[in-house]
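First the structure, in the form of structure tokens, and then the observations on it.
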Amino acid sequence: QCHHKINSAIRTPDLNQTKELNNCGKHGITWPKSQENMQLFSKTMEIAIEDNMLRICDQVFELSLIRCCARDIYSGQGTLNYKNGDKYEGEFLNNKPDGYGTYWVNENGKLRLQYRGGFGEGKRSGKGVFAYPDGGKYDGEWYAGKRHGQGRMIYADKSVYEGAWLNGKRHGSGTCFMANGDVHQGHYLEDLKDGPGTFFYVKSQKRYDGVWAKDGARCGVYGAIAPEDVPAAAPRGGGGETAAAGCFGVGKVGR
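In my numbering, the protein residues as written are 1260 to 1514.
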């Protein structure tokens, strides 16, 4: 329960109503310590309170964020600017990003959109899209800040993995479409091919059906394929046995 009530009918906060909220300074709001300074502060910072919202310059906060600030607990919709220059805008619960929000990362003084989606207790959770600095992108489910559940990862080399994730790693059934056109469809264990699967060599029109263990094929058979056998989403062109770095790292995939 919040005890810091602000009269929504006034356009300039009264000092007596805000003097207990000085702790908000650590979150980017520093309240003045005299009525004269309050008036100057309000004019300079363009403070307005209306419709249960507090506006400071071009930033808008629900009053619930401000009311709970003195106890260092806030919830609702708002914006948080971090000391390192990063920025979060979205929903909060008990001081932490929680709900739907957007996170920008500071890179050499410029903000780059890094993540948009769900948060839980300050960490990425639920569904969301994460953009990596090398150009890669993950679109899918998250838990406790890690890729977890079903998701699609586009790597910097344009290879693509679609399937199951566990604690940030490929784990379960999935398909990797390599940049050269080859495809692996099967089971993964902690980022490695492990279990039954099929590898399609698009250029040579061959396929390998077998069992993998720790990323290495252990037993199986080669056969011919028709173009329609290859998973429809696979990119065309290229060939060879060297996997794209995004999916597996450099190495032989059919042996």
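Think of the CB as a built atom: it goes at the ideal place given N, C-alpha and C, for glycine as much as any other residue.
Taking a C-beta distance under 8 Å as the contact criterion, residue 1343 and residue 1365 qualify as a contact pair. If you ignore the 5 residues before and after residue 1405, its C-beta comes within less than 6 Å of the C-beta of 1426, 1427, all in its own chain and listed in chain order. In the same chain as residue 1395, and ignoring 5 residues on each side of it, the C-beta atoms closer than 8 Å to its own belong to 1412, 1413, 1414, 1415, 1505, in chain order. In the DSSP assignment, residue 1357 falls within the beta strand (DSSP E) that extends over 1355-1366.
Approximately 12 Å separates the beta-carbon atoms of residue 1386 and residue 1379; this is outside 8 Å, ruling out the contact.
Look at residue 1449 here: in three-state DSSP terms it is coil, with no helix or strand label. Bridge partners of residue 1421 according to DSSP: 1411, 1434.
DSSP places residue 1400 within a strand segment (E or B) once states are collapsed to three. For residue 1336, DSSP records a beta bridge to 1350. The C-alpha of residue 1341 is placed about 17 Å away from the C-alpha of residue 1334.
The residue from 1388, 1479, 1467, 1473 with its alpha-carbon nearest to that of residue 1488 is 1467. 1384 is the residue among 1372, 1384, 1370 whose C-alpha sits nearest the C-alpha of residue 1355. In this structure, the straight-line span from the alpha carbon of residue 1402 to that of residue 1382 is close to 8 Å. Note: residue 1379 is bridge-paired with 1382 in the DSSP secondary-structure output.
Taking all protein chains shown into account, residue 1478 has fewer than 16 neighbouring C-beta atoms within 10 Å of its C-beta and is therefore exposed. When the alpha-carbon of residue 1359 is set against those of 1369, 1474, 1338, 1370, the nearest one is in 1338.
Counted as a single uninterrupted DSSP element, the beta strand (DSSP E) harbouring residue 1481 occupies residues 1475-1483. In the three-state DSSP reduction, residue 1392 falls in the coil class, being neither helix nor strand. Cα atoms of residue 1400 and residue 1461: separation of roughly 30 Å, rounded to the nearest angstrom. Per DSSP, residue 1462 lies in no beta strand (DSSP E) segment and is marked neither H nor E. Assignment of beta-bridge partners to residue 1444 by DSSP yields 1434, 1457. Residue state for residue 1488 is assigned as helix, using DSSP reduced to three classes. In this structure, residue 1440 keeps its C-beta atom at 8 Å or more from the C-beta atom of residue 1433. As DSSP reads the structure, residue 1468 sits in a beta bridge with 1457, 1480.
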